[in-house]
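Residue numbers (the working numbering), protein chains in the order written: chain C, 1 to 373; chain V, 1 to 288; chain A, 1 to 522. Heads up, the beta-carbon is just placed ideally off N, CA and C, and yes, glycines get one too. All values reported here derive from a predicted model rather than from experimental measurement.
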Amino acid sequence: MARVKLTDVKKIYDKNVVAVHDFNLDIADKEFVVFVGPSGCGKSTTLRMIAGLEEISEGTVEIDGVVVNDLQPKDRNIAMVFQNYALYPHLSVFENMAFPLRLQKMNNDEIYRRVTEAAEILCITEYLNRKPRALSGGQRQRVAIGRAMVRDSKVFLMDEPLSNLDAKLRNQMRAEIILLRQKIDTTFIYVTHDQTEAMTLGDRIVIMKDGYIQQVGTPDEVFDMPANLFVAEFIGAPKMNTFPTKLVREGNEYFVTPFGSKIKVDGAKGVDLSAKNVKSRDIILGVRPEHIVLADEKRDDTIECTVQVNEMMGSELHLHVLTKDGTQIIVRVPTINLTHQQRDEMVNGHKIYITFEGKVMHFFDPESTNNLL
Amino acid sequence: MSEKKHMGMKAKTRLSNTIIYIILTVMSIVWLFPFFCIVCESFRVESTHQVGYVLPKQWGFDNYINLFTKTDFPVWFKNTFLIALFVAVIQTVIVLCMSYTLSRLRFKSRKGLMNVMLILGMFPGFLSMIVLYKVLNGMGLTGPNSIPGLILVYVGSSGMGYYVSKGYFDTIPRSLDEAARVDGANRLQVLTKVMLPLCKPIVIYTILTAFMGPWGDFMFAKYIAHASSAGMTVAVGLQSMIGTPSALTANYTMFCAGGVVVAVPITILFMSLQKYYVEGVTGGAVKG
Amino acid sequence: MSELEGKKLDLSQDLSDLEFLRLTKFQGFIYKLIHFFKGIPNGIKKLFIALGKLIGRALTAVKNEFADIFTTFVNGDFKTKLSYLVMGFGSIARGQILRGILFLLFEVVFVVYMITAGFHWLGKFRTLGDTGSSMQYDPILDTYVRVAGDDSFKILLYGLLTIIFIICFVYTWRLNVKQNKIAEEILKSGKKLKSGKDDLQSLVDDEFHKTLLALPLTGIMVFTVFPIIFMIFVAFTNYDGAHDGYANLFTWVGLNNFNSLFNINTGTDNMSVAFGEILSWTLMWAFFATFTNYFLGMFVAIMINKKGIKFKKMWRGILVLTSAVPQFVSLLYISKMFATNGLVNGLLLDWGIIDNISQYIRFWETKNLARIMVIIINIWIGIPYLMLIATGILMNIPADLYESAAIDGANTFQQYTKITLPYMLFVTGPYLLTSFIGNINNFNVIFLLTGGGPKNPALLTSAGSAGDTDLLITWLFNITTGAESKYYMASVIGIMIFAVIASLSLIVYNLIPSTRNEEDYS
Numbered sequence: 001m002a003r004v005k006l007t008d009v010k011k012i013y014d015k016n017v018v019a020v021h022d023f024n025l026d027i028a029d030k031e032f033v034v035f036v037g038p039s040g041c042g043k044s045t046t047l048r049m050i051a052g053l054e055e056i057s058e059g060t061v062e063i064d065g066v067v068v069n070d071l072q073p074k075d076r077n078i079a080m081v082f083q084n085y086a087l088y089p090h091l092s093v094f095e096n097m098a099f100p101l102r103l104q105k106m107n108n109d110e111i112y113r114r115v116t117e118a119a120e121i122l123c124i125t126e127y128l129n130r131k132p133r134a135l136s137g138g139q140r141q142r143v144a145i146g147r148a149m150v151r152d153s154k155v156f157l158m159d160e161p162l163s164n165l166d167a168k169l170r171n172q173m174r175a176e177i178i179l180l181r182q183k184i185d186t187t188f189i190y191v192t193h194d195q196t197e198a199m200t201l202g203d204r205i206v207i208m209k210d211g212y213i214q215q216v217g218t219p220d221e222v223f224d225m226p227a228n229l230f231v232a233e234f235i236g237a238p239k240m241n242t243f244p245t246k247l248v249r250e251g252n253e254y255f256v257t258p259f260g261s262k263i264k265v266d267g268a269k270g271v272d273l274s275a276k277n278v279k280s281r282d283i284i285l286g287v288r289p290e291h292i293v294l295a296d297e298k299r300d301d302t303i304e305c306t307v308q309v310n311e312m313m314g315s316e317l318h319l320h321v322l323t324k325d326g327t328q329i330i331v332r333v334p335t336i337n338l339t340h341q342q343r344d345e346m347v348n349g350h351k352i353y354i355t356f357e358g359k360v361m362h363f364f365d366p367e368s369t370n371n372l373l
Numbered sequence: 001m002s003e004k005k006h007m008g009m010k011a012k013t014r015l016s017n018t019i020i021y022i023i024l025t026v027m028s029i030v031w032l033f034p035f036f037c038i039v040c041e042s043f044r045v046e047s048t049h050q051v052g053y054v055l056p057k058q059w060g061f062d063n064y065i066n067l068f069t070k071t072d073f074p075v076w077f078k079n080t081f082l083i084a085l086f087v088a089v090i091q092t093v094i095v096l097c098m099s100y101t102l103s104r105l106r107f108k109s110r111k112g113l114m115n116v117m118l119i120l121g122m123f124p125g126f127l128s129m130i131v132l133y134k135v136l137n138g139m140g141l142t143g144p145n146s147i148p149g150l151i152l153v154y155v156g157s158s159g160m161g162y163y164v165s166k167g168y169f170d171t172i173p174r175s176l177d178e179a180a181r182v183d184g185a186n187r188l189q190v191l192t193k194v195m196l197p198l199c200k201p202i203v204i205y206t207i208l209t210a211f212m213g214p215w216g217d218f219m220f221a222k223y224i225a226h227a228s229s230a231g232m233t234v235a236v237g238l239q240s241m242i243g244t245p246s247a248l249t250a251n252y253t254m255f256c257a258g259g260v261v262v263a264v265p266i267t268i269l270f271m272s273l274q275k276y277y278v279e280g281v282t283g284g285a286v287k288g
Numbered sequence: 001m002s003e004l005e006g007k008k009l010d011l012s013q014d015l016s017d018l019e020f021l022r023l024t025k026f027q028g029f030i031y032k033l034i035h036f037f038k039g040i041p042n043g044i045k046k047l048f049i050a051l052g053k054l055i056g057r058a059l060t061a062v063k064n065e066f067a068d069i070f071t072t073f074v075n076g077d078f079k080t081k082l083s084y085l086v087m088g089f090g091s092i093a094r095g096q097i098l099r100g101i102l103f104l105l106f107e108v109v110f111v112v113y114m115i116t117a118g119f120h121w122l123g124k125f126r127t128l129g130d131t132g133s134s135m136q137y138d139p140i141l142d143t144y145v146r147v148a149g150d151d152s153f154k155i156l157l158y159g160l161l162t163i164i165f166i167i168c169f170v171y172t173w174r175l176n177v178k179q180n181k182i183a184e185e186i187l188k189s190g191k192k193l194k195s196g197k198d199d200l201q202s203l204v205d206d207e208f209h210k211t212l213l214a215l216p217l218t219g220i221m222v223f224t225v226f227p228i229i230f231m232i233f234v235a236f237t238n239y240d241g242a243h244d245g246y247a248n249l250f251t252w253v254g255l256n257n258f259n260s261l262f263n264i265n266t267g268t269d270n271m272s273v274a275f276g277e278i279l280s281w282t283l284m285w286a287f288f289a290t291f292t293n294y295f296l297g298m299f300v301a302i303m304i305n306k307k308g309i310k311f312k313k314m315w316r317g318i319l320v321l322t323s324a325v326p327q328f329v330s331l332l333y334i335s336k337m338f339a340t341n342g343l344v345n346g347l348l349l350d351w352g353i354i355d356n357i358s359q360y361i362r363f364w365e366t367k368n369l370a371r372i373m374v375i376i377i378n379i380w381i382g383i384p385y386l387m388l389i390a391t392g393i394l395m396n397i398p399a400d401l402y403e404s405a406a407i408d409g410a411n412t413f414q415q416y417t418k419i420t421l422p423y424m425l426f427v428t429g430p431y432l433l434t435s436f437i438g439n440i441n442n443f444n445v446i447f448l449l450t451g452g453g454p455k456n457p458a459l460l461t462s463a464g465s466a467g468d469t470d471l472l473i474t475w476l477f478n479i480t481t482g483a484e485s486k487y488y489m490a491s492v493i494g495i496m497i498f499a500v501i502a503s504l505s506l507i508v509y510n511l512i513p514s515t516r517n518e519e520d521y522s
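Pasting the structure below:
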C-alpha cells in the first residue's frame, strides 16, 4: 500500500564496477511491476537496494514519500520472497510464518489468527506443524509467500520466486500469484529472467540490460512497440527474427526489401513512418515468428526458403528455415492452417515461400538499435 | 562366459573386503593397545616401576588411592576443571563472535583484518609467552595462582582460531540472514534467532574443543605453572610426577592411574558429543 | 590444426592454450616448471613494483590526510576549530553528547597519562635505563642494602605502551576532526545528526561488527599483537637470564643477535650450526608429518567408506577414541612404552624376539630411530582427525563422477588417482598448508615423546643444548626455560620461524589455486 519512487539510483561495486545506472522509476500504489532481463542485468541488485540488503551508492529510494536510503531493512516495512525460499530450517512452518510477527511482539492470538488465515489461502494448513525440509519445493514456496503475506507490509518484493520450481509447478504458481495479488492488494515488485512470467504477471514491465533500463511499459506496449532491438528479441517466444535490410520510400508508401523480395509496410506502421518523415535507409528489420505467413507460390513479396528443422509443438509448428544466403528464420505456423499432407512435407530440404505481415513489422536503426518509431 | 566373469568380480570384491577387514582389525588393535596397557598398568600393585609385561600379577586400587591421598592430583584436577570450564564459556563466546562477524557481516576492514590475523598466526604462539609470563608474574598470576593467569592466556588470543566455525557459518545460505532482516530482525536478532539455532553443531564443537584444550595443553601450562604444584594442571602435574628417572621408578604406575582418571571422563564426554564434533570438523575445517 | 601438428614445440617458449593441450603429461609438467622458474625474476620485479606503488599510495594518503585536516580547519566553523584543541567539543556543541564526552574523556586521560608517566618512560626508552640497582650503605641499619634503579624490562614495556598510546591518540584526534567535518556536511544538507541513542542502537545493527569484535580483538591485541611487537624489540637487545633488566640492565645491541645466528663475526658459538640443523629437521619433520598423515588418513577413510564394509561406525569410533584422550596422557605413556627399559622392549624379550637386555632397542637414544619413531607415532595421533576430514570430503564427491568414470572404463585404482585424489587435493589445499604450519610448531608431540632428545653435543650452544628431534619451537622453549634463559635468542628464533612460514605460505598461495579463492559461497 505504498508508492515506491527510485530517483537516479546507482549501484557501484569496488569503486568502478557499475551494476545499476541511473535507475528512475515511479511505482504507483498497488501496482505490480516486474523487473526482467538476462542474468547480470542489475534487476536483482535494484530490488535488493529497495529492500535495504544492498547499499545505495547514489540516488534515493522513497517508500511512501520517505527516503529510506539509510533505513535498515527491518525499518522499511517490506516483505520479500527469495529465490531459494530462505525458510528457517530449525523452525516449523507455523513458526516460519510467525517469525516476522513475533519480532513485532504481536500477541499470540493475533499471530495465530493471521498465520492460519494465510495458510488457509495458500492451502498449507495441514503442513503447519512440519519442518521446511519435509515439504516439496512448491509447498516451500507457498510458506515463503505466506511468511511475507502475514505482515501488513507496504511493499511486496519477490526475487525470482519461481525459478527453482519445475516447469509445470511454475505455471501453476504463476496463476496462484495472480490470484494472491487480487487478495492482498498491495504494491508488488517482482524480479524474473523469464519473459513469460513478466508478461503474464506485470501491470508494467521494466526491461533491463547491463544495468540500464531498456524500456518501461505495459506488456502490450513492450510487445507491440519494443523500444530497441534488445527488447524486441527478449520479449516473445520464439524470439523475433531480425536481419539487416533496406527500408524504401516510394511516395507515401514504404517497402522493405529482405532477401530480394519487396514487402509493403501496411497500416499504422506505414502512417507512422511517413508522419515521422522517414527516408529510404538501411534498417534492421524485426519480424516475430507468428507474423510470418506461408505463401503458396513465388511472388514479389515472398522469400524462398528451405526447411531445416521442424518442431511440432502440438497446436503449432515451429519451422527453422534457411534463406538462400543462409540466414536462419523461425516461422510459427498454427497447425490448424495446415493439411496433414502439408505438415508431412515440412521436412529437411523442403522448399517453401514465406512473407511477412506488413502491419506488424519492426524497424530498428542499425547503429543505435533503437526503434525508428 | 559372462557368468564366469560375474563370479570373478564377486570373488574379487570379497577378497578386497577381507583384506580391508584385516587391515582395519590390525589398526584397531594398534590404536587401542596403548590404552589397554595403561589401564592394566594402573591396576598393578606388585611394583611401581616399568616392567616388561602387560597384565599385572596382582590387581588392586592402590595406585588410585595413593594418587588421591598422597599427591596433589586432586588439586591439579580441580585446577584443570576450573580452567576448562571458564575457557569453554569465554572462548566459545569469542570464537563465535569473531567467526560470525567475519562470515556474515561486511565491513570495510574485513579483508584486511583477516590478512593481519593470518600473518599473526605465523608467529609461534609461544613467543608471546615470554613477555606474558613476566607480566602475569608481576601481577602475581603465576605459580600457585596460575588458574586466572592460564585462563587469560588460553582465552586471550582465541579470537584467532575462528577458521573452523567461520567455515561452517559460510555454508549457511546468506539469504536466511537477509530474509530475517527483511522480516524485521536486527543483526543481533539474526545471530540469536537464526544463526545460533541453525549452527548448533558448530557451537557444540566449539565448546567441546575449548573445554578439551586445557586438558591437553602442555606448553603454556608448563611455562606459567611450573614453579608450584598448587597451580599446576593435570598435564604439568603428571609430567612432573615422572619427570626424573628416580621419580619415574617410584611413580610410574601412579602416573598410569592419573592418566586413566583424566582420560575416562574426557573420553566419555567426547564420545557422547562425537556427532557434533564430526559435523564440525567435516563442515567447517575443510572450508576454513 | 594441421599447421600445429607439424611444428615441434619449444617448451621454454610461451605456448597458447591449444598448444599446451598437445603436450604429454610429462612435457606439461616440465613446461610449468620452466615457466615457474622463469617467472621468478618477473615475480620479484612485480613484488617491488607493487611495494613501490604501495609506498607511493601511502605517501599520497598521508598527504591527503594533512590537506584534509588543513582544509577542514580553514572551512570549519568555530565549533570545528575549537575541536582541534578540545576534542569532542564540536560533537557536544552539536548535540552529539555521547560521542563528544568519549572524545573529551580520551583526551583528558591521555594528557594526564603523558604528564604523569608517559614522558618519563619515553625518555628512558632510548637506553633502556642507565642506573642499575646498587648496594648502598644505609647508616641507620648500618649495613648495605639494595637500592632499586632502573628496570629495563619495565622501560621497554611501558615505553612501547606509551608509543602505542600516542599512535592511538593521533588516530582518535584525526577521527575527531573527521567527525566535525562530516557533522557539518550533514547539517548543511539539512539532515539530522545521529543522537547518542542512535549510536547505541546501531551497535546491534549497522555497526554490529564493532560490538562483536570488541572483545576478541582486545584479546588479540593484548595477548598476541603487543607481545609479538615486544618480542621483536627484544630481538635487538641482550635481554637474558643474566641481564634480567633489574639486577643487571639490558640494552640495545643492534643486529648482533641475528649476526650470531648466521655466524657473522662470531668465533666459537655453534648457534648457526645448531640453527641450520634444527631448521632442516623441522622442515623434514613437517613434511613427513603432514603428508604421511594426509595420505594414510585418506586411505583409511576410503577403506572404511568402501561399499560393503560393515561396522563403519565402530571402526570410526575406535579411531576417534584416540583423539578424545588428552594428548599428554597418550604421548607421555607411549614415550614410556618405548623407553629402553619400557614395556615394548620387555614384551619383545618376553616373546623371544630379542634374547637379552643388552639387545634392547634404544628407540629414543639414536638419532635416526628417534626421528622415525616420532613420525610413526605422529601418524598414530593424526590419522583419526584426517580420517574424519577425508570422510566429509569423500561424501561430498558426487557419485555420478565415479559412475561416469566407471563407464569410461576406469578401474578402482584409476578412479582413486583420477577423481578422488585430485578432488581431495583441490579441496584440502589450504588445509594442507595450515597443517604443515601446525606441524612446524608441533610442540606436544616432540616435547612429550622425546623432550627433543637424544641430546647432540654438536648442537651445544651458548643458549643451551639441543637434541636431534628438537624442532625450532621446542628449542625456543628450552632456550627460554633453561638456566641461561636467552630471551633475545628466543625472539630471534621466533622471528626466523615466522620468516620460514611466511615465505612458505607465499609460495604455496601462489601455486595452489584453491587457496586463492577465498570467497564464500553464498
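Are any of the Cβ atoms in chain A nearer than 8 Å to that of residue i?
i: Val155 (chain V); result: yes
For a contact defined as C-beta to C-beta under 7 Å, what are the partners of residue i on chain V?
i: Asn341 (chain A); result: Gln50
Beta-carbon of residue i versus every beta-carbon of chain C: anything under 8 Å?
i: Asp170 (chain V); result: no
With 8 Å as the threshold, decide whether the Cβ of residue i is near any Cβ in chain V.
i: Asn69 (chain C); result: no
i: Gln104 (chain C); result: yes
i: His35 (chain A); result: no
i: Ile235 (chain C); result: no
Please compile the residues from chain A whose C-beta is within a distance smaller than 8 Å of the C-beta of residue i.
i: Met128 (chain V); result: For the record, residue 128 (chain V) in the displayed sequence is Ser; it is not Met. Under the 8 Å cutoff, chain A gives Phe223, Thr224, Pro227, Ile228 and Met231.
Return the bridge partner residues of residue i from the DSSP annotation.
i: Met387 (chain A); result: Its beta-bridge partners do not exist; DSSP assigns none.
i: Ile119 (chain V); result: None, per the DSSP bridge assignment.
i: Ile352 (chain C); result: C:Cys305
i: Asn371 (chain C); result: C:Phe364
Using 7 Å as the cut-off, classify the Cβ of residue i as near or not near the heavy atoms of the ligand MG, replying yes or no.
i: Ala67 (chain A); result: Of ligands this structure carries none, so the ligand MG is not represented either.
What does residue i reach in chain V if we use C-beta pairs closer than 8 Å?
i: Phe447 (chain A); result: Phe218 and Met219
_If we require 3 or more residues per run, which beta strand (DSSP E) segments fall completely within the region 257 to 306 of chain C?_
Counting whole runs of 3 or more residues, the region 257 to 306 of chain C contains the beta strand (DSSP E) stretches 281 to 287 and 292 to 295.
_Check whether the region 233 to 250 of chain V and the region 167 to 175 of chain V touch, using three or more Cβ-Cβ pairs below 8 Å as the test._
The region 233 to 250 of chain V and the region 167 to 175 of chain V do not touch, with fewer than 3 CB-CB distances between them shorter than 8 Å.
*Just checking, does the region 130 to 137 of chain V make contact with the region 198 to 216 of chain V on the three C-beta pairs under 8 Å criterion?*
At 8 Å Cβ cutoff, the stretches do not touch.
_Inter-stretch contact (C-beta, 8 Å, three-pair minimum) for the region 105 to 112 of chain C and the region 56 to 75 of chain C_ = No: fewer than three Cβ pairs fall under 8 Å.
*Enumerate, from N- to C-terminal direction, the unbroken alpha helix (DSSP H) stretches of 4 or more residues contained entirely within the region 57 to 134 of chain A.*
Within the region 57 to 134 of chain A, the complete alpha helix (DSSP H) runs of at least 4 residues are 78 to 83, 89 to 93, 97 to 113 and 119 to 125.
_alpha helix (DSSP H) segments (min. 4 residues) lying fully within the region 217 to 296 of chain A_ = Here the runs fully enclosed are 226 to 234 and 256 to 261.
*Go through the region 181 to 243 of chain C residue by residue and report every complete run of the alpha helix (DSSP H) that reaches 4 residues or more, in order.*
List check, alpha helix (DSSP H) in window: 195 to 201, 219 to 224 and 229 to 234.
*Does the region 192 to 206 of chain A come within contact of the region 112 to 120 of chain A, defined as at least 3 CB pairs closer than 8 Å?*
Touching, no.
*Determine, using beta-carbon pairs with one atom in the region 254 to 269 of chain C and one in the region 210 to 217 of chain C, whether at least three such pairs fall under 8 Å.*
Verdict: no, contact absent.
*asked:* Three or more C-beta pairs under 8 Å: does that hold for the region 246 to 256 of chain C against the region 276 to 291 of chain C?
replied: By the criterion of at least three beta-carbon pairs nearer than 8 Å, the region 246 to 256 of chain C is in contact with the region 276 to 291 of chain C.
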